[in-house]
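Quick note: the sequence shown uses our numbering, first residue 15, plus one each step. A virtual CB, placed ideally from N, CA and C, is assigned to each residue, including glycine. Scroll down for the structure; my scribbles are underneath it.
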Amino acid sequence: MRRLVRVAAVPSSPAVIVQRRSSSAWIARLLYGARASPLLGSWGACSSKEQQPLDDTVRELYCKALTHASGGGRLARDWIAGCVAVVCPSDILLDIALKHPGTEQDVERYRAYLLNTLHKRTQEGSNEGASVGDSGAAPSSSGEAVVKGLGSMPEVRCFVYDATRAACFHRYHKVPEEDRRQLDAVAHRLGVDEEVTRGIWRLVESEGAVEREKQRVLDHPWSD
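And the structure:
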């Protein structure tokens, strides 16, 4: 006698897209404490068909620059690979995280992208002001104003935070001075104020203390 076997339906690709898009706010809040945050440098949903090519390019620039800013050590690369797996699983990004020899040129390429993005946002803001009859002075184009605007971009703050977390990953002792200086230099190049950079270091170090306390309270037998 034949028996009917009911096979569970596997979610189609569009269904997976919806699930990933729906989880973006949760992931952003988990990583950065805010529902609306750039993830690996991109604001777009990981699987948006129209935005996918641009998102992929931005994330590749981000991850390549991150391997340099974080020092490029094995543990830092493990952190970046883990972040990629959570935010936007991609064989290309994982390969970058684990193997790409990050250099200053990668940071410069990402900086060039950020400057172009900042310029577009400034233009859009100027056009909106003109449309409502704003007769105020034109925004400053001085180098100082550009650097200040660059350092205030959420993409930049999140990048420096990610690089710091990667550099500190599984390092319960002090991060090597050479790695710290390299990260500080990258943050400065991206226009982040020195006091903000120090604040990010303090934040990540305090998060490390919370992690160790969590391990102690939960009595993780598998913890290192």
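By the neighbour-count definition (other C-beta atoms within 10 Å, threshold 16), Trp215 is a buried residue. Note on geometry: alpha-carbon atoms of Cys97 and Gly139 lie some 32 Å from one another. Apart from the 5 residues on each side of it in sequence, Ala181 sits with its Cβ closer than 7 Å to the Cβ of Ser84, Gly85, Ala90, Val189, Asp193, Leu197 in its chain, given in chain order. DSSP links Ser56 through a beta bridge to Leu53.
Contact annotation, Thr81 with His114: C-beta distance approximately 5 Å; criterion of less than 8 Å satisfied.
For Phe173, the enclosing alpha helix (DSSP H) starts and ends at 168–182. Here Val231 is exposed, its C-beta having fewer than 16 other C-beta atoms within 10 Å. Taking C-beta atoms under 8 Å as the contact rule, Ala111 and Ile94 qualify, at a distance of about 4 Å. Relative to Leu108, the option among Thr117, Gly116, Asp92 whose CA is nearest is Asp92. Pairing Glu169 with Gly55 gives a Cβ-Cβ distance under 7 Å. Excluding residues up to 5 positions away in sequence, Ala201, Val206, Ile214 lie with their Cβ nearer than 6 Å to the Cβ of Val174 in the same chain. Nearest to Glu209 by alpha-carbon distance, out of Glu225, Gly165, Asp69, is Gly165.
With fewer than 16 other Cβ atoms from the protein chains shown falling within 10 Å of its own Cβ, Asp105 counts as exposed. By the neighbour-count criterion, in which a residue is buried when 16 or more other Cβ atoms sit within 10 angstroms of its Cβ, Asp233 is exposed. If the five residues before and after Ala42 are omitted, its C-beta is found closer than 7 Å to the C-beta atoms of Ala48, Arg49, Ala50, Ser51, Leu53, all from its own chain and listed in chain order.
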